[in-house]
Amino acid sequence: EVQLVESGGGLVKPGGSLRLSCAASGFTFSNYSMTWVRLAPGKGLEWVSSISSVSVYIYYADSVESRFTISRDNAENSLYLRMDNLRVEDTAVYYCARVPTRELAPPTAQFDSWGQGTLVTVSS
Amino acid sequence: DIQMTQSPSSLSASVGDRVTITCRASQGIGIHLNWYQQKPGKAPRLLIYISSSLQSGVPSRFSGSVSGTDFTLTISNLQPEDFATYYCQQTYTIPVTFGGGTTVE
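Residue numbers (this note's numbering), protein chains in the order written: chain R, 3 to 126; chain S, 133 to 237.
This is the structure we're talking about:
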């Protein structure tokens, strides 16, 4: 059974940093691209960033470009999102999800398995 | 960026109803359109991918179709567990974009 478990969320002040983690199990992690998606309070789903199976392709939404860094450790079956210079508008539940392709040259594929999410709150 | 316009933003329905949700892309995306269901406090769930392919384990009352840049999710015979928010998503190009969501209540 595919399992994705996010961790690392919490309360942080504007300008602060957090590192989210996503532990994967139940599939061969190194064969899949991965992605982060967020859901802000009262809003809809927003794609944040994606990374291909061996990190050749990496993409970011304009809203997080230069502030967030996606990475992965295939030996540890883990996905990460380093978030710097956080803003109030980054407050959201952050989900990691699996993309059933090795590469991410557009058009990319659907997000077929999701974690339960971790809450990030940016507030003074 | 490709804008995905979903309608309606909410709808009221009853068990047994046939429900239709539409999503329009601001430019051509071929068939690269996916549908997700999300319940409060839960992770999104993939329902339909590449416009009309049913994800494994999803009941056959869910179906998807496309006509040009207009995409439709249909739920036939609405069940109690189907009351949720539904999102369309285009994966034709980066950035990946979602529709604004449709809440079925």
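For glycine and all other residues, C-beta sits at the position ideal for the given N, C-alpha and C.
Contact list for residue i against chain R, beta-carbon separation under 7 angstroms
{"i": "ALA175 (chain S)", "result": "TYR97, TRP116, GLY117, GLN118 and GLY119"}
{"i": "ASN166 (chain S)", "result": "GLN112"}
{"i": "THR223 (chain S)", "result": "PRO109, THR110, ALA111 and GLN112"}
As assigned by DSSP and simplified to three states, the class of residue i
{"i": "VAL56 (chain R)", "result": "coil"}
{"i": "SER115 (chain R)", "result": "strand"}
{"i": "PHE215 (chain S)", "result": "coil"}
{"i": "ASN166 (chain S)", "result": "strand"}
Euclidean distance between Cα positions of residue i and residue j
{"i": "ASP137 (chain R)", "j": "ALA145 (chain S)", "result": "Any property of residue 137 (chain R) remains undetermined from this structure, which presents chain R solely from 3 to 126."}
{"i": "PRO212 (chain S)", "j": "ALA111 (chain R)", "result": "30 angstroms"}
{"i": "ALA63 (chain R)", "j": "GLY196 (chain S)", "result": "27 angstroms"}
{"i": "VAL101 (chain R)", "j": "LYS15 (chain R)", "result": "32 angstroms"}
{"i": "PRO191 (chain S)", "j": "THR206 (chain S)", "result": "12 angstroms"}
{"i": "SER208 (chain S)", "j": "TYR219 (chain S)", "result": "17 angstroms"}
{"i": "SER139 (chain S)", "j": "ASN166 (chain S)", "result": "15 angstroms"}
Within chain S, the residues that residue i reaches when beta carbons sit closer than 9 angstroms
{"i": "TYR61 (chain R)", "result": "ILE226, PRO227 and VAL228"}
Residue(s) in a DSSP beta bridge with residue i
{"i": "ILE72 (chain R)", "result": "R:LEU83"}
{"i": "LEU41 (chain R)", "result": "R:LEU47 and R:VAL95"}
{"i": "ARG21 (chain R)", "result": "R:ARG84"}
Whole-Å CB distance - residue i paired with residue j, under 8 angstroms assumed
{"i": "MET85 (chain R)", "j": "LEU20 (chain R)", "result": "5 angstroms"}
{"i": "CYS24 (chain R)", "j": "GLU8 (chain R)", "result": "5 angstroms"}
{"i": "ILE72 (chain R)", "j": "SER51 (chain R)", "result": "4 angstroms"}
{"i": "PRO109 (chain R)", "j": "TYR224 (chain S)", "result": "5 angstroms"}
{"i": "LEU83 (chain R)", "j": "PHE70 (chain R)", "result": "6 angstroms"}
Interface residues of chain S facing residue i [CB-CB closer than 8 angstroms]
{"i": "LEU22 (chain R)", "result": "In chain order: nothing, as chain S lies at least about 15 angstroms away."}
Neighbour list for residue i in chain R, Cβ cutoff strictly below 9 angstroms
{"i": "LEU205 (chain S)", "result": "Those do not exist, as LEU205 (chain S) stays about 14 angstroms from chain R at its closest Cβ, beyond 9 angstroms."}
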